[in-house]
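Residue numbers (our numbering): 103 to 446.
All residues carry an ideal CB built from backbone N, CA and C; glycine is no exception.
This structure is a prediction, so every number in the text was calculated from the model and none was measured.
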């Protein structure tokens with residue numbers, strides 16, 4: 103198909119900028135799409151490099167869509183896996199690329215040899231063959247919270263020590279709240295002090311996927327950690343978690359909050375992500391007898407099918423307990439049968 107005679111951006115970076123400028127989604131969704139497309143650009147850059155030089159390369163500013171082929175979505179998914187992106191990132195980043203390519207198709211930016219429909223079909227075929235991966239959070243995850251609880255907090259006797267003190271208290275409050283709420287990283291990061299009343303509220307309202315509001319619950323331990331952190335800040339900045347470095351008062355980024363988990367996990371030689379807190383808490387609650395309907399509400403799933411598909415296998419220990427409690431040995435079963443005969 104011939105290119106439109108309209109003056110259109112030729113470079114991929116310009117095309118992405120054009121696409122993002124036409125999005126009407128929420129700012130958070132726009133940010134997610136932009137992040138996903140940045141990863142896509144990095145993937146395409148590495149594709150054009152020799153394997154020995156593929157890693158740690160800066161995005162190529164001269165990239166175009168002219169050389170993409172039908173395997174691009176499948177190859178991008180494989181690349182995400184090799185680079186240890188989370189399962190959540192796989193889903194959202196692929197969605198952002200598909201949406202962008204749909205837009206590119208409407209603008210006649212794609213090469214004539216490329217079939218978006220066939221590319222999506224190949225990805226879907228492979229994804230359908232793969233069972234949904236069972237979340238397996240590290241059972242030692244609570245040790246990460248203990249790590250910050252037991253970290254020595256320096257006295258407030260100077261600017262440097264005060265900054266370190268606040269950073270430790272902030273990390274402690276964050277991990278407690280993440281564990282308590284089973285919330286998504288973005289939901290917890292977006293909280294303001296007023297949402298938690300500086301640590302006094304037992305619940306808060308967050309905006310989750312699809313801009314849907316729901317309650318998250320805050321345990322006594324999390325409230326105490328938040329209250330101590332806020333009491334030591336002596337400021338009036340609205341965000342709950344802020345920077346205490348050069349950009350003092352600025353809302354802490356997702357990356358910095360992620361690093362709070364990453365740095366502790368590295369010290370403890372664990373493999374833990376912020377999203378693992380949700381999986382851990384879902385498993386914990388299910389094993390304690392919470393019904394799937396309650397887990398659905400707590401996690402903010404719009405469809406209980408999602409909750410069942412991801413977490414139902416965790417209820418197997420409870421099912422096993424019921425099985426063992428209601429199973430008679432052959433000897434006991436025979437005795438019961440004899441007793442019934444005697445009573446008949």
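**OP:** Tell me whether residue 165 is buried or exposed, calling it buried when 16 or more other Cβ atoms sit within 10 Å of its Cβ.
**Re:** Position 63 of the chain shown, counted from the first residue, corresponds to residue 165. So residue 165 ends up on the buried side.
Subject >> Contact between the region 259–266 and the region 238–249 (3+ Cβ pairs under 8 angstroms) >> reply: no
Original post:
Whose C-alpha, out of 172, 312 and 196, is nearest the C-alpha of residue 181?
Top reply: Within the chain shown, numbered from 1, the residue matching residue 181 stands at position 79. Closest by alpha carbon: 196.
Original post:
By Cβ distance below 6 angstroms, which residues in the same chain neighbour residue 269 in space, the five residues on each side in sequence not counted?
Top reply: Here residue 269 corresponds to residue number 167 of the chain shown, with the count starting at 1. Answer for residue 269: 346, listed in chain order.
**OP:** Give the DSSP bridge partners of residue 294, in chain order.
**Re:** Here residue 294 corresponds to residue number 192 of the chain shown, with the count starting at 1. Answer by DSSP bridge pairing, in chain order: 341.
**OP:** Reducing DSSP to helix, strand and coil, say where residue 321 ends up.
**Re:** As a first step, residue 321 is located in the chain shown; it is residue number 219 there, counting from the start. Correct three-state label for residue 321: coil.
Subject >> Inter-residue Cα distance where the pair is residue 399 and residue 317 >> reply: Taking the first residue of the chain shown as position 1, residue 399 is located at position 297. Taking the first residue of the chain shown as position 1, residue 317 is located at position 215. Near 9 angstroms, if we compare the C-alpha coordinates of residue 317 and residue 399.
**OP:** Whole angstroms is fine: what's the gap from residue 392's alpha carbon to residue 319's?
**Re:** Residue numbering aside, residue 392 sits at position 290 when the chain shown is read from its first letter. Residue numbering aside, residue 319 sits at position 217 when the chain shown is read from its first letter. Approximately 15 angstroms, taken between the alpha carbons.
**OP:** Report yes if the C-beta distance between residue 310 and residue 329 is below 7 angstroms; otherwise report no.
**Re:** To locate residue 310, count along the chain shown from 1; it is residue 208. To locate residue 329, count along the chain shown from 1; it is residue 227. The answer is no: Cβ separation not under 7 angstroms.
Original post:
Taking the alpha-carbon positions, what's the residue 486 to residue 161 distance?
Top reply: Because the chain is modelled from 103 through 446, residue 486 falls outside the range shown and cannot be assessed.
Original post:
Roughly how many angstroms separate the alpha carbons of residue 115 and residue 244, rounded to a whole number?
Top reply: Locating residue 115 in the chain shown gives position 13, counting from the first residue. Locating residue 244 in the chain shown gives position 142, counting from the first residue. C-alpha separation (whole angstroms): 42 angstroms.
Subject >> Unbroken beta strand (DSSP E) run spanning residue 308, endpoints >> reply: Stepping through the chain shown from its first residue, residue 308 is reached at position 206. Its beta strand (DSSP E) spans residues 305–309.
Subject >> N- and C-terminal bounds of the alpha helix (DSSP H) containing residue 361 >> reply: Numbered from its first residue, the chain shown carries residue 361 at position 259. Counting along the chain, the alpha helix (DSSP H) containing residue 361 begins and ends at 356–369.
**OP:** Pull up the CB-CB distance for residue 199 and residue 139, whole angstroms please, since I reckon it's below 8 angstroms.
**Re:** Position 97 of the chain shown, counted from the start, is the residue given in the question as residue 199. Position 37 of the chain shown, counted from the start, is the residue given in the question as residue 139. That belief holds up - the Cβ atoms of residue 199 and residue 139 are roughly 7 angstroms apart, short of 8 angstroms.
**OP:** Output yes or no for whether 7 angstroms exceeds the beta carbon distance between residue 54 and residue 332.
**Re:** Outside the shown range of the chain, which is 103 to 446, sits residue 54, and nothing can be said about it.
Original post:
Of the choices 221, 188, 191 and 192, whose alpha-carbon is the least far from that of residue 204?
Top reply: Within the chain shown, the letter at position 102 stands for residue 204. When each option's Cα is compared against that of residue 204, the closest is 221.
Subject >> Which of helix, strand or coil DSSP assigns to residue 257 >> reply: Here residue 257 corresponds to residue number 155 of the chain shown, with the count starting at 1. Coil.
Original post:
Under 7 angstroms, do residue 410 and residue 388 count as touching if we go by C-beta distance?
Top reply: By one-based count along the chain shown, residue 410 stands at place 308. By one-based count along the chain shown, residue 388 stands at place 286. It is not a contact, given that the beta carbons lie outside the stated cut-off.
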